[in-house]
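K.L.:
Number of protein chains: 2
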Amino acid sequence: MARNCNFDRQEKLIEAMELFWQQGYANTSIADLVAHLGINRFSLYNSYGDKQRLYREALDYYLEHVSFPPVEAILHPRAALGEVRDYISRFIALQRNQQYGCFLQNAVLEHGLTEPFVQQASARLFSRLEQAFARALTNAGQTGELKADVVPEKVSRFLLLQLQGIRVLGKAGQYQVLSDATEVLLDYLSTLKSKL
Amino acid sequence: MARNCNFDRQEKLIEAMELFWQQGYANTSIADLVAHLGINRFSLYNSYGDKQRLYREALDYYLEHVSFPPVEAILHPRAALGEVRDYISRFIALQRNQQYGCFLQNAVLEHGLTEPFVQQASARLFSRLEQAFARALTNAGQTGELKADVVPEKVSRFLLLQLQGIRVLGKAGQYQVLSDATEVLLDYLSTLKSKL
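Line by line, the protein sequences give chains A and B. Each residue of the first sequence is one higher than the one before, counting from 1269 in this note's numbering. Each residue of the second sequence is one higher than the one before, counting from 1269 in this note's numbering.
1) Going by alpha carbons, who is nearest to residue 1412 of chain A out of A/1449, A/1348, A/1319?
2) For the putative contact between residue 1385 of chain B and residue 1324 of chain B, defined by C-beta atoms under 8 Å, what is the C-beta separation to the nearest angstrom?
3) Listed in chain order, which residues of the region 1304 to 1325 of chain B have Cβ atoms closer than 8 Å to some Cβ of chain A?
4) In this structure, what does DSSP give as the bridge partners for residue 1461 of chain A?
5) Residue range of the alpha helix (DSSP H) that residue 1313 of chain B falls in?
6) Name, please, each residue of chain B whose Cβ falls closer than 8 Å to the Cβ of residue 1448 of chain A.
7) Using only the alpha-carbon positions, how far apart do residue 1402 of chain A and residue 1422 of chain A sit?
8) If you drop the 5 nearest sequence neighbours on each side, which residues of the same chain put their C-beta closer than 6 Å to that of residue 1373 of chain B?
9) Quick check: the Cα distance between residue 1305 of chain B and residue 1299 of chain B, rounded to an integer number of angstroms?
10) Does residue 1290 of chain A come out as helix, strand or coil in the three-state DSSP assignment?
11) Applying the criterion that 16 or more other CB atoms from any shown protein chain within 10 Å of the CB defines a buried residue, is residue 1461 of chain B buried or exposed?
12) Verify the CB distance criterion: does residue 1298 of chain B have a CB-CB separation below 8 Å to chain A?
13) Looking at chain A, is there any beta carbon in it that lies within less than 8 Å of the beta carbon of residue 1439 of chain B?
14) I think residue 1397 of chain B touches residue 1339 of chain B, with their Cβ atoms under 8 Å apart; what is that distance to the nearest whole Å?
15) For residue 1369 of chain A versus residue 1438 of chain A, is the C-beta spacing smaller than 8 Å?
16) Chain B beta carbons: is any one of them nearer than 8 Å to that of residue 1363 of chain A?
17) So does the region 1357 to 1366 of chain A actually touch the region 1442 to 1452 of chain A, counting three or more Cβ pairs closer than 8 Å?
18) Who are the neighbours of residue 1430 of chain A on chain C, taking C-beta pairs under 9 Å?
19) Going by DSSP in three states, residue 1426 of chain A sits in which element: helix, strand or coil?
20) If you follow the alpha helix (DSSP H) that residue 1302 of chain B is in, where does it begin and where does it stop?
21) Just checking residue 1364 of chain B against the ligand COA - is the residue's beta carbon closer than 7 Å to any of the ligand's heavy atoms?
22) Between the region 1368 to 1384 of chain B and chain A, which residues of the former have a C-beta closer than 8 Å to a C-beta of the latter?
23) Take the Cβ of residue 1278 of chain B as the centre, count every other Cβ of all protein chains shown within 10 Å, and call the residue buried at 16 or more, exposed below.
24) I need the straight-line Cα distance from residue 1536 of chain A to residue 1331 of chain A, nearest angstrom please.
25) So if I threshold CB-CB distances at 7 Å, which residues from the region 1278 to 1302 of chain B count as touching chain A?
26) In the DSSP assignment, the alpha helix (DSSP H) including residue 1274 of chain A goes from what residue to what residue?
27) Give the C-beta separation of residue 1430 of chain A and residue 1433 of chain B to the nearest angstrom, bearing in mind that I take them to be a contact with Cβ-Cβ under 8 Å.
28) Determine the direct distance from the alpha carbon of residue 1425 of chain B to that of residue 1489 of chain A, and round the result to whole angstroms.
29) So is residue 1456 of chain B in contact with chain A if we call contact Cβ pairs under 8 Å?
30) When the Cα atoms are used, what is the spatial distance from residue 1282 of chain A to residue 1392 of chain A?
Encoded structure:
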């Protein structure tokens, strides 16, 4: 790793993440990275290793700094059904702003089958989301907010599936379809409530 | 277009579709296609035009011969709620066999934002699915099989979202997650039934 370099290593990592997020792995050449980051090829190799290592680091950065923070913030240890709804509503609204979709989902569809680190990263994200949903639903169950037949471990996986579907329709630019579909999803969430 | 060629044009188109489906567009070179199809570069250009035109034709072939037939067969004009459930159950089961996911979804995530024909193809598939679901739900409503508050046009879009999420979890190889998530989905479908 370079001891000295005349650029901010993290700032350039973020720029690389954005480029891979937008264009994918195969479609981003070293020349594209050199042009986008504004650093020369030698500095790029010297600081980040080869294209694959830079991509892995960018994907990890994405998980830690883009995916996980809202999960931690909204689905916090004392979260319940209201926070599940908040997280999903926020996620739906996000699609118009993040038109490139989810970097991780893009990666899974591009080469999750051939790149074990992509599959590991997706397993990490999915498991974090699923656990956060399950904990919030369990909290809701303990206070009697939830219908007795709701199984938090299964509903949390169903919600993970919703996030994946929302991302795809968002990336396809199908905003009206997304709006109607998620109206039904939010109605479904309401049906989980016990009739106290 | 070539008048004569010593290979079956459709057979080679199917092989090209399989390669693009597995590897994506950017990651498939002309050299890969030449090797996979077992025809020379000249014949390839002569029969299919350039790589992009071959890809478009492969994507259209996928829609017409892979995506649409089960929609037409299961969600036929007289289909109702049982057929919606059948279609979705079959689609869930399919994921273990179609490990490359959906060619169209892969295409949307790879370059739907920059290639208008990909967005058009996805709009075509989404609209076909949505209409087939909506028609089946409308049929179910007319025979009193459906709860009165179910809006076919919205639930059909919700189901389209489910298909997208199922594909992503399938491609990520998350079969246990998928199984739990879709158990909740099938339970949801049961709640659409009127209590006759």
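Beta carbons: idealized from backbone N, C-alpha and C, even for Gly.
P.N.:
So, to answer that:
1) The residue labelled residue 1412 of chain A in the question sits at position 144 within the first sequence. Residue A/1348 is the option with its Cα nearest to residue 1412 of chain A.
2) Position 117 of the second sequence, counted from the first residue, corresponds to residue 1385 of chain B. Position 56 of the second sequence, counted from the first residue, corresponds to residue 1324 of chain B. At roughly 6 Å, the Cβ-Cβ gap stays under 8 Å, so residue 1385 of chain B and residue 1324 of chain B are in contact.
3) none
4) Taking the first sequence and counting its residues from 1, one reaches residue 1461 of chain A at position 193. Partner(s): A/1414.
5) Indexing the second sequence from 1 puts residue 1313 of chain B at position 45. Unbroken alpha helix (DSSP H) run through residue 1313 of chain B: 1309 to 1316.
6) Stepping through the first sequence from its first residue, residue 1448 of chain A is reached at position 180. Simply 1421, 1422, 1425, 1426.
7) For the purposes of this step, residue 1402 of chain A is taken as the residue at position 134 of the first sequence. For the purposes of this step, residue 1422 of chain A is taken as the residue at position 154 of the first sequence. Spanning the two alpha carbons is a distance of roughly 8 Å.
8) In the second sequence, counting from the first residue as 1, residue 1373 of chain B sits at position 105. So the qualifying residues of the chain are 1435.
9) What you label residue 1305 of chain B is simply residue 37 of the second sequence in a count that begins at 1. What you label residue 1299 of chain B is simply residue 31 of the second sequence in a count that begins at 1. C-alpha separation (whole angstroms): 10 Å.
10) Counting from 1 along the first sequence, the entry for residue 1290 of chain A is found at position 22. Of the three classes helix, strand and coil, the one that applies to residue 1290 of chain A here is helix, per DSSP.
11) Here residue 1461 of chain B refers to the residue found at position 193 of the second sequence. Answer is exposed; the Cβ neighbour count stays below 16.
12) Sequence index remark: in the second sequence, residue 1298 of chain B carries index 30 (1-based). Not one chain A Cβ lies under 8 Å of residue 1298 of chain B.
13) As a position in the second sequence, residue 1439 of chain B is number 171, starting the count at 1. By this cut-off, residue 1439 of chain B is an interface position.
14) What you label residue 1397 of chain B is simply residue 129 of the second sequence in a count that begins at 1. What you label residue 1339 of chain B is simply residue 71 of the second sequence in a count that begins at 1. Correct: roughly 6 Å between the Cβ atoms.
15) Against the first sequence, residue 1369 of chain A aligns to sequence position 101. Against the first sequence, residue 1438 of chain A aligns to sequence position 170. A contact, by the Cβ cut-off of 8 Å.
16) For this step, residue 1363 of chain A is matched to residue 95 along the first sequence. It does not: the Cβ of residue 1363 of chain A has no partner Cβ on chain B nearer than 8 Å.
17) yes
18) Among the chains of the structure shown, chain C does not appear; the protein chains present are A and B.
19) Taking the first sequence and counting its residues from 1, the one referred to as residue 1426 of chain A is at position 158. Of the three classes helix, strand and coil, the one that applies to residue 1426 of chain A here is helix, per DSSP.
20) Walking along the second sequence from the start, residue 1302 of chain B turns up at place 34. Start and end: 1298 to 1305.
21) Among the components modelled here there is no ligand, and therefore nothing to report on the ligand COA.
22) 1368, 1369, 1373, 1374, 1376, 1377, 1378, 1379, 1380, 1381
23) By one-based count along the second sequence, residue 1278 of chain B stands at place 10. With fewer than 16 other Cβ atoms within 10 Å, it is exposed.
24) Not covered by the structure: residue 1536 of chain A. The range shown for chain A is 1269 to 1464.
25) 1292, 1294, 1295
26) On the first sequence, residue 1274 of chain A is found 6 positions in, with the first residue counted as 1. Careful: residue 1274 of chain A lies outside any alpha helix (DSSP H) and carries neither H nor E.
27) Translated into positions along the first sequence, residue 1430 of chain A becomes position 162. Translated into positions along the second sequence, residue 1433 of chain B becomes position 165. Going by Cβ atoms, the distance from residue 1430 of chain A to residue 1433 of chain B rounds to 6 Å, so yes, they are a contact pair.
28) With chain A covering 1269 to 1464 only, the question about residue 1489 of chain A has no answer from this structure.
29) Looking up residue 1456 of chain B in the second sequence gives position 188. Chain A, which has a Cβ nearer than 8 Å to the Cβ of residue 1456 of chain B, makes this yes.
30) Position 14 of the first sequence, counted from the start, is the residue given in the question as residue 1282 of chain A. Position 124 of the first sequence, counted from the start, is the residue given in the question as residue 1392 of chain A. Spanning the two alpha carbons is a distance of roughly 20 Å.
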